[in-house]
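Let me begin by presenting the structure, written as structure tokens, before commenting on it.
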Amino acid sequence: MSLPENPHPSPDGADYHPQHNIGRALIDAAAIMTAAVDRRARSFGISGAQWIVLIRIGGGLAATASDLCRSLGKDSGAMTRMLDRLERQGLVRRLPSPEDGRAARLELTPAGEALYPAIRPIASEVIAGHLRGFSAEESAQFLEFLERVIANGASPPPEP
1 MSLPENPHPS
11 PDGADYHPQH
21 NIGRALIDAA
31 AIMTAAVDRR
41 ARSFGISGAQ
51 WIVLIRIGGG
61 LAATASDLCR
71 SLGKDSGAMT
81 RMLDRLERQG
91 LVRRLPSPED
101 GRAARLELTP
111 AGEALYPAIR
121 PIASEVIAGH
131 LRGFSAEESA
141 QFLEFLERVI
151 ANGASPPPEP
């Protein structure tokens with residue numbers, strides 16, 4: 001497929017076209033996969049946003065609301081509302097933190113623990129569907145490229 005000529009090339013000479021670039025493709029892929037996770041999670045009575053919170057808590061990847069905010073890029077108000085909903089659903093509980101009296105430690109309730117094994121494979125299944133037709137080598141290379149993008153974004157660029 002031939003790309004239309006870009007009337008506004010970037011200053012470094014790279015040809016940028018809004019419909020044909022990596023940033024747009026990454027955002028579109030993430031949105032499509034997020035929507036698929038959300039559809040699957042809804043069959044368990046939770047949203048995709050609640051799914052990732054339960055996965056982080058149940059998998060030991062987040063012990064506090066602050067941990068969740070940092071890892072998911074959410075503000076504390078939105079996370080508090082999310083945790084309130086999960087508490088009302090009986091899936092998460094907040095316990096006083098022995099290390100910090102201002103913070104609460106998060107854990108799954110027995111109902112959350114019962115749900116966790118059923119919802120855990122959702123992302124793997126969604127990703128497998130979206131990587132249909134990729135060889136194992138292509139999938140590994142794609143992951144390596146994405147990890148490099150993430151690492152580059154996590155560290156400041158070198159000074160010129």
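Using the UniProt record's numbering, read the sequence shown as starting at 1 and increasing by one per residue. The beta carbon of each residue, even a glycine, is placed where N, CA and C say it ideally should be.
Whole angstroms is fine: what's the gap from residue i's alpha carbon to residue j's?
{"i": "Gly-77", "j": "Ile-46", "result": "19 Å"}
{"i": "Pro-7", "j": "Arg-24", "result": "Confidence at Pro-7 is low in this model, with a pLDDT of 49, below 50, so its placement is unreliable and no value can be given for it."}
{"i": "Asn-152", "j": "Ala-114", "result": "38 Å"}
{"i": "Glu-138", "j": "Pro-96", "result": "46 Å"}
{"i": "Asp-67", "j": "Ser-135", "result": "35 Å"}
{"i": "Ile-55", "j": "Ala-63", "result": "12 Å"}
{"i": "Arg-102", "j": "Ile-119", "result": "31 Å"}
{"i": "Leu-26", "j": "Leu-143", "result": "13 Å"}
{"i": "Arg-70", "j": "Ile-57", "result": "13 Å"}
{"i": "Pro-157", "j": "Glu-147", "result": "16 Å"}
{"i": "Arg-40", "j": "Trp-51", "result": "10 Å"}
{"i": "Ser-155", "j": "Thr-80", "result": "29 Å"}
{"i": "Pro-11", "j": "Arg-42", "result": "With a pLDDT of 46 at Pro-11, under the threshold of 50, the modelled position of that residue is not reliable, and the figure given next carries that caveat. For Pro-11 and Arg-42, the distance between alpha carbons rounds to 45 Å."}
{"i": "Leu-72", "j": "Val-149", "result": "17 Å"}
Could you confirm whether any beta carbon from chain E is found closer than 7 Å to the beta carbon of residue i?
{"i": "Arg-132", "result": "Among the chains in the structure shown there is no chain E, since it carries only a single protein chain."}
Cβ of residue i within 6 Å of any heavy atom in the ligand FAD?
{"i": "Ala-62", "result": "Within the structure as shown, the ligand FAD is missing, as the structure has no ligands at all."}
As a quick exercise: from the options, pick the residue whose alpha carbon is nearest that of residue i.
{"i": "Ala-104", "options": "Pro-117, Leu-83, Pro-121 and Tyr-116", "result": "Leu-83"}
{"i": "Ala-31", "options": "Arg-81, Ala-49 and Pro-157", "result": "Ala-49"}
{"i": "Tyr-116", "options": "Ala-29, Gly-60 and Asn-21", "result": "Gly-60"}
Here's a check: name, in chain order, each residue in its chain whose Cβ is nearer than 8 Å to the Cβ of residue i, leaving out the five neighbours to either side.
{"i": "Glu-87", "result": "Arg-93 and Arg-94"}
By Cβ distance below 7 Å, which residues in the same chain neighbour residue i in space, the five residues on each side in sequence not counted?
{"i": "Val-53", "result": "Leu-68, Met-82 and Leu-86"}
For the segment 107 to 114 against the segment 79 to 98, are there 3 or more C-beta pairs whose distance is under 8 Å?
yes
If you pair each beta-carbon of the segment 36 to 45 with each one of the segment 118 to 132, do three or more pairs fall below 8 Å?
Cβ pair count under 8 Å is three or more, so yes.
At 3 residues or longer, what runs of the beta strand (DSSP E) sit wholly inside the segment 62 to 88?
none
Which ranges does the alpha helix (DSSP H) cover as unbroken runs of at least 4 residues, wholly within the segment 30 to 59, from first to last along the chain?
48 to 58
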